[in-house]
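Peer 1: Have a look at this one.
Numbering (the working numbering), first residue to last: 182 to 661.
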């Protein structure tokens with residue numbers, strides 16, 4: 182019985198040794214961008230990108246060892262997936278290893294700590310000859326320490342000759358793949374993986390019409406690549422929305438599902454296609470683009486002309502002084518400038534990714550001048566976009582509290598006066614928005630208010646040219 186068990190154990194061991202020997206004997210087959218059949222990039226708002234790298238690779242039947250070079254240095258190796266979309270026979274990945282320990286002088290020295298190298302001593306005098314001497318590298322911490330046969334030195338006069346490059350030492354990031362192919366021949370393999378270092382954001386440039394009632398809007402996508410790899414003629418897709426990516430185990434399945442919606446489906450010469458997918462928006466660009474490593478570039482996302490806009494001047498208050506007596510509330514209060522437009526109709530009516538909107542207006546000489554910018558949130562179609570551009574120079578306000586009475590422990594009566602001045606040669610409409618805490622009631626007022634929300638009163642005032650308008654009101658506030 183013991184002999185039978187030993188024989189079975191020995192046979193199993195020999196099988197493992199044989200398999201290891203076969204793997205060791207397989208020649209490595211390098212694959213570079215020269216083999217690339219196409220690349221698809223799907224970039225997400227949070228700085229994560231999904232790469233689909235398709236290459237034509239000649240395979241032999243059985244075991245193949247592929248060194249897939251020119252991958253992102255920031256790739257998440259745990260997310261790598263190799264597929265053969267049109268393989269004539271089954272293809273299985275037996276093992277994969279990401280080699281990111283790149284070749285450089287410092288790393289090479291560290292690899293050879295404890296090993297013997299050849300030190301080449303350069304000739305000290307003209308016409309002399311270099312001499313060679315073996316030495317062992319003892320340490321590279323803070324400098325090199327060399328052990329010769331008869332001494333130890335901490336300086337190097339000359340250079341080091343290394344016998345060979347250590348195993349698994351690459352000059353660029355490489356994914357090693359052991360693949361079992363069911364049939365020999367050239368096949369298209371698709372390697373997909375998540376990577377950091379690729380980001381995008383939306384930037385918008387708007388130009389107001391002379392009468393400030395319309396604008397032309399251009400949306401640009403700003404791409405930045407610090408991944409350590411360049412992607413030439415990539416089919417670009419962008420996902421707008423807050424996609425959750427777990428840091429330790431990325432949700433590869435859901436991200437790949439988004440990316441494959443329109444990957445490699447063919448394209449027209451120009452155009453950007455938007456589609457709803459899950460709870461996000463996917464933008465696919467027809468025109469391939471090259472994103473070089475350490476490069477920032479912009480591509481056009483959308484253009485829209487004659488977009489109706491509405492400019493408003495708004496004076497916004499504070500809820501705190503309804504519970505406290507404060508006589509002077511401001512001698513020169515800023516009146517904010519706001520611009521709003523509807524994301525519908527004309528060339529708009531598409532989901533707008535979040536980004537900065539910069540607005541310009543032409544002066545009398547036809548030169549565009551910057552008039553302000555603001556952050557645009559993700560804006561679905563048919564929603565209103567609202568931008569704060571700055572404060573008016575010629576329209577200002579003064580506010581004071583003219584009465585304050587405490588009514589019990591949690592109730593007050595207070596009165597206020599707003600004086601709004603207009604130095605412009607034309608009348609100006611100004612909205613006064615006052616957030617009021619608790620339960621409130623306007624007892625007296627010089628102009629009719631309306632509720633802009635449950636906790637805010639608002640007045641629309643017309644201020645005459647080179648003149649002033651005064652608003653007074655009295656309110657009862659109860660907060661408990």
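No residue lacks a Cβ here, since even glycine has one placed at the ideal position from N, Cα and C.
Whose CA, out of 392, 367, 609 and 407, lies closest to the CA of residue 544?
Peer 2: Of the candidates 392, 367, 609 and 407, the one whose C-alpha sits nearest the C-alpha of residue 544 is 392.
Peer 1: Can you tell me which of the three DSSP states residue 629 falls into?
Peer 2: Coil.
Peer 1: Taking the C-alpha atoms as reference points, what is the distance between residue 603 and residue 530?
Peer 2: Near 36 Å, if we compare the C-alpha coordinates of residue 530 and residue 603.
Peer 1: Return the CA-CA distance between residue 656 and residue 583, expressed in angstroms with no decimal places.
Peer 2: About 12 Å.
Peer 1: In this structure, does DSSP put residue 492 in helix, strand or coil?
Peer 2: Three-state result, residue 492: strand.
Peer 1: Mind checking whether residue 384 and residue 264 have CB atoms under 8 Å apart?
Peer 2: Contact flag unset, no.
Peer 1: Would a C-beta distance cut-off of 8 Å place residue 520 and residue 570 closer than the cut-off?
Peer 2: For residue 520 and residue 570, yes; Cβs fall inside 8 Å.
Peer 1: Can you name the start and end residues of the beta strand (DSSP E) that residue 297 belongs to?
Peer 2: 297-302 is the span of the beta strand (DSSP E), which, as asked, contains residue 297.
Peer 1: Compute the Euclidean distance between the alpha carbons of residue 300 and residue 327, then round it to the nearest angstrom.
Peer 2: Cα to Cα, the separation comes out at about 9 Å.
Peer 1: Could you please give me the residues that DSSP links to residue 395 through a beta bridge?
Peer 2: According to DSSP, which records beta bridges pairwise, residue 395 is partnered with 489.
Peer 1: Quick one: give me the first and last residue of the beta strand (DSSP E) that residue 580 is part of.
Peer 2: Start and end: 565-587.
Peer 1: Between the stretch 394-406 and the stretch 481-498, are three or more C-beta pairs nearer than 8 Å?
Peer 2: Segments in contact, yes.
Peer 1: Could you give the first and the last residue of the continuous beta strand (DSSP E) run that contains residue 640?
Peer 2: Where residue 640 is concerned, the enclosing beta strand (DSSP E) stretches over 637-644.
Peer 1: In chain order, what residues of the same chain have a beta carbon less than 7 Å from the beta carbon of residue 619, not counting five sequence neighbours either side?
Peer 2: Only 658, 659 and 660 meet the Cβ criterion.
Peer 1: Would you report the Cα separation of residue 269 and residue 386, rounded to the nearest angstrom?
Peer 2: Their Cα atoms are separated by approximately 51 Å.
Peer 1: Suppose you measure from the CA of residue 652 to the CA of residue 627; what does that come to, to the nearest Å?
Peer 2: Between residue 652 and residue 627, the C-alpha separation is close to 6 Å.
Peer 1: Which residue's Cα is closest to the Cα of residue 377: 587, 229 and 638?
Peer 2: Taking only the C-alpha atoms, the option nearest residue 377 is 229.
Peer 1: What residue from 262, 339, 208 and 227 has the CA that sits closest to residue 240's CA?
Peer 2: Cα-wise, what sits closest to residue 240 is 208.
Peer 1: Out of 367, 362 and 290, state which residue places its alpha-carbon closest to the alpha-carbon of residue 275.
Peer 2: Ranking 367, 362 and 290 by Cα distance to residue 275 puts 362 first.
Peer 1: Could you compute how far the alpha carbon of residue 402 sits from the alpha carbon of residue 466?
Peer 2: Each residue's alpha carbon lies about 11 Å from the other.
Peer 1: Check residue 290 in the structure and name its three-state DSSP category.
Peer 2: Residue state, collapsed to three classes: helix.
Peer 1: Count the other CB atoms, across all protein chains shown, that sit within 10 Å of the CB of residue 527; report buried if there are 16 or more and exposed otherwise.
Peer 2: Exposed, since its Cβ has fewer than 16 Cβ neighbours within 10 Å.
Peer 1: When you compare only the Cα positions, how much space is there between residue 644 and residue 518?
Peer 2: Distance between the alpha carbons of residue 644 and residue 518 is about 15 Å.
Peer 1: Along the chain, where does the beta strand (DSSP E) containing residue 223 start, and where does it finish?
Peer 2: First-last of the beta strand (DSSP E) with residue 223: 217-225.
Peer 1: Work out the CA separation of residue 213 and residue 293 for me, nearest whole Å.
Peer 2: Taking the straight line joining both Cα atoms gives about 28 Å.
Peer 1: Determine the closest residue to residue 472 out of 501, 418, 463 and 484, with distance taken between C-alpha atoms.
Peer 2: The residue with the shortest Cα to Cα distance from residue 472 is 418.
Peer 1: Within 10 Å of its beta-carbon, does residue 609 have 16 or more other beta-carbons around it, so buried, or fewer, so exposed?
Peer 2: It counts as buried.
Peer 1: Can the beta-carbon of residue 497 be found less than 8 Å from the beta-carbon of residue 617?
Peer 2: Result no, Cβ atoms of residue 497 and residue 617 do not sit closer than 8 Å.
Peer 1: Spell out a yes or no on whether the stretch 553-563 and the stretch 587-604 are touching, meaning 3 or more CB-CB pairs, one atom from each, closer than 8 Å.
Peer 2: In short, these stretches do not touch, since the Cβ pair count stays below three.
Peer 1: Measuring CA to CA, which of 647, 499 and 247 is closest to residue 236?
Peer 2: The residue with the shortest Cα to Cα distance from residue 236 is 247.
Peer 1: Going by DSSP, name the residue or residues bridged to residue 279.
Peer 2: 356.
Peer 1: With burial defined as no fewer than 16 other Cβ atoms inside 10 Å of the residue's Cβ, what is the status of residue 313: buried or exposed?
Peer 2: With fewer than 16 other Cβ atoms within 10 Å, it is exposed.
Peer 1: Could you check how far apart the C-beta atoms of residue 302 and residue 338 are, in whole angstroms? I think they sit under 8 Å.
Peer 2: With 8 Å as the limit, residue 302 and residue 338 qualify as a contact, their Cβ atoms being about 6 Å apart.
Peer 1: CA-CA distance, residue 365 and residue 404?
Peer 2: Roughly 40 Å separates the two Cα atoms.
Peer 1: Using the rule of at least 16 other Cβ atoms within 10 Å of the residue's Cβ for burial, across every protein chain shown, is residue 223 buried or exposed?
Peer 2: With 16 or more other Cβ atoms within 10 Å, it is buried.
Peer 1: What is the rounded straight-line gap between the Cα of residue 297 and the Cα of residue 342?
Peer 2: Whole-angstrom Cα-Cα distance: 10 Å.
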